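Under numbering that gives the first Met the number 0, read the sequence shown as residues 0 to 248, first letter to last. Beta carbons: idealized from backbone N, C-alpha and C, even for Gly. Remember, it's a predicted structure, so these values are computed and weren't measured experimentally. Take a look at the structure set out below.
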Amino acid sequence: MAYQTHEGRTAVVTGAGQGFGRVIAVELAARGADVAVLDLNDAPETVAEIESLGRRTVSIKVDVSDPAQVKEARMRVDAELGVADILVNNAGVYPFRDFFDLDYDYWRQILAVNLDSQFLMAQAFAPGMRDGGWGRIVNLASNSLGLAVPALTHYMASKGGAIGFTRGLATDLAPYGITVNAVAPTASRTPGGEANIAEEILDGVANMQAIKRSGVATDIVGAVCFLSSDDSAFVTGQTIMADGGLVRL
Ligand SMILES: NC(=O)c1ccc[n+]([C@@H]2O[C@H](COP(=O)([O-])OP(=O)(O)OC[C@H]3O[C@@H](n4cnc5c(N)ncnc54)[C@H](O)[C@@H]3O)[C@@H](O)[C@H]2O)c1
């Protein structure tokens, strides 16, 4: 059992059905939090792991880019676990597509899932944190912003937006005891990574890192736990590159 740094906390993790989100949700539970598991799909493995740790959980099927569904999810979390004081905006998609094959609808779809969702979730859950006088919001970014990876313009725009959103929101929420930070992974062998990222890109990126192996689902959880705990009380508006030492800020 990990240190109980999150004892008594209630966390919401989006995209917690698999990949980074699943590991984050389970580790927050291991550290003492009750955890709401939000995903487009059912998330039975995540739920079973959290329950096996003796923590309370609720699994909510939700499209986090849909304003009405996000509001409904907030009400279910309140009803089933109580007011959340940690939000991890992890849900995201990263299909590669050449700029000349993008159209506006597709662009909007990527921006909606990766960036609008972070706004919608923060609007839904920050008021409860404000009222409680303590909160932690962690947004998923990407180290691709610091690289020349082809066919990712739409994705890089969304993740650049996530970093800007993090910086702005950090200032607005600081008076209420809420910190807002981002974590930027590298190209990683999660289920989504293996489905979307070509082997030569996974290997090529790994070879440019100081630590020369591809990222895996467990590689960012320590950074997320730090940023969602009391240990990071004086850290806000930052982006931690949890990327094997590739992009340096
Ligand atoms: N894996 C990588 O190489 C990598 C690198 C940098 C950043 N990231 C970021 O990390 C985050 C998680 O990535 P991952 O690799 O674990 O992905 P993944 O595809 O393995 O898992 C993502 C989860 O999010 C869920 N999801 C997708 N769209 C959703 C929506 N609209 N509403 C609710 N849930 C939704 C999916 O159902 C899935 O369970 C994303 O924000 C991604 O951009 C990933």
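{"Item": "Residue from V57, T189, E71 and R135 whose Cα sits closest to the Cα of Q237", "Value": "R135"}
{"Item": "Distance cut-off 7 Å: G191 Cβ against heavy atoms of ligand 1", "Value": "yes"}
{"Item": "Closest by C-alpha distance to V87, when choosing among W133, G191, V34 and T185", "Value": "V34"}
{"Item": "Span of the alpha helix (DSSP H), counted from its first residue to its last, around S141", "Value": "Run containing S141: none; DSSP gives neither H nor E here."}
{"Item": "Y93 Cβ short of 7 Å to ligand 1 heavy atom set", "Value": "yes"}
{"Item": "V112 beta carbon near ligand 1 (any heavy atom closer than 7 Å)", "Value": "yes"}
{"Item": "Cβ shell of A216 (< 6 Å), same chain only, five flanking positions each side left out", "Value": "G18, F19, V22 and T189"}
{"Item": "C-beta atoms of A103 and G132 nearer than 8 Å", "Value": "Here the sequence assigns Tyr to residue 103, which means Ala is not the residue at that position. Going by C-beta atoms, Y103 is not nearer than 8 Å to G132."}
{"Item": "CB contact flag (S213, A205, <8 Å)", "Value": "yes"}
{"Item": "Proximity test, D41 beta-carbon vs ligand 1 heavy atom, cut-off 7 Å", "Value": "no"}
{"Item": "F19: CB within 7 Å of a non-hydrogen atom of ligand 1", "Value": "yes"}
{"Item": "Integer-rounded CB distance, given that S187 should sit under 8 Å from L27", "Value": "Contact flag wrong, Cβ pair sits at about 19 Å."}
{"Item": "Per DSSP, the bridge partner or partners of V11", "Value": "A35 and L86"}
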